[in-house]
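A quick write-up on the structure given underneath.
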Amino acid sequence: MKDKNIDINIGKEMFNKALDFLNYRYGENKAGGVAVLRIETGDYLISVWDEEKNDSAYLCAETGAICEAHKLNKKVTHSLCVCRQKDDTPYEILSPCGICQERLFYFGKGVKCAISTKDNSVVFKTLEELQPYYWLDKK
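Spelled out as structure tokens, the structure:
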């Protein structure tokens with residue numbers, strides 16, 4: 230129960246940081262994507278999706294923060310991505326895509342990822358829960 234309460238508090242803090250940065254970076258009610266990663270020190274890394282003219286060059290919002298965690302040599306414990314697909318639409322919490330899950334698996338199968346829900350509440354699932362048959366996990 231203690232871990233669940235800690236995750237609720239972490240989730241609220243991460244969500245608030247993401248929404249604040251979404252509005253700061255893109256403007257109130259403007260389209261954009263922001264990821265917040267929590268690292269083992271309790272600090273947060275924030276990054277945004279890049280905006281490319283060529284979709285094949287696109288990088289997810291988590292990518293910059295994942296690279297920063299590698300640069301700092303710190304383990305990621307939690308990941309949350311918030312986006313607004315179009316101006317003046319509600320925000321959405323996005324589950325990490327398959328590529329981002331692969332990148333996060335470097336830090337261990339216990340990394341907790343916020344997942345998409347109908348009501349956009351912050352719900353964390355471990356990478357192991359998201360991918361119970363992970364291809365590199367030879368149980």
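Numbering (the working numbering), first residue to last: 230 to 368. From the three backbone atoms N, C-alpha and C, an ideal C-beta is built for every residue, glycine too.
On the criterion of 16 or more Cβ atoms from any shown chain inside 10 Å, does His-307 qualify as buried, or is it exposed?
buried
Looking at C-alpha atoms only, which residue of Ala-286, Thr-270, Asn-234 and Tyr-363 is the closest neighbour of Glu-337?
First, the amino acid is wrong: residue 337 is Gly here, not Glu. It is Tyr-363 whose Cα lies nearest to the Cα of Gly-337.
Residue environment, Cys-326, which counts as buried when at least 16 other CB atoms sit within 10 Å
exposed
Beta strand (DSSP E) containing Cys-312: first to last residue?
305-313
Along the chain, where does the beta strand (DSSP E) that runs through Ala-264 open and close?
261-268
What span of residues does the beta strand (DSSP E) with Ile-322 cover, start to end?
321-323
Return the first residue and the last residue of the beta strand (DSSP E) that Leu-343 is part of.
Reading off the sequence, residue 343 comes out as Ala, not Leu. Its beta strand (DSSP E) spans residues 341-343.
For Thr-318, which three-state DSSP category applies?
coil
Suppose you measure from the CA of Val-263 to the CA of Lys-233; what does that come to, to the nearest Å?
24 Å
Thinking C-beta only, is Leu-266 closer than 8 Å to Ile-237?
no
Let me know if Lys-341 comes out buried or exposed under the rule of 16 or more other beta-carbons within 10 Å of its beta-carbon.
buried
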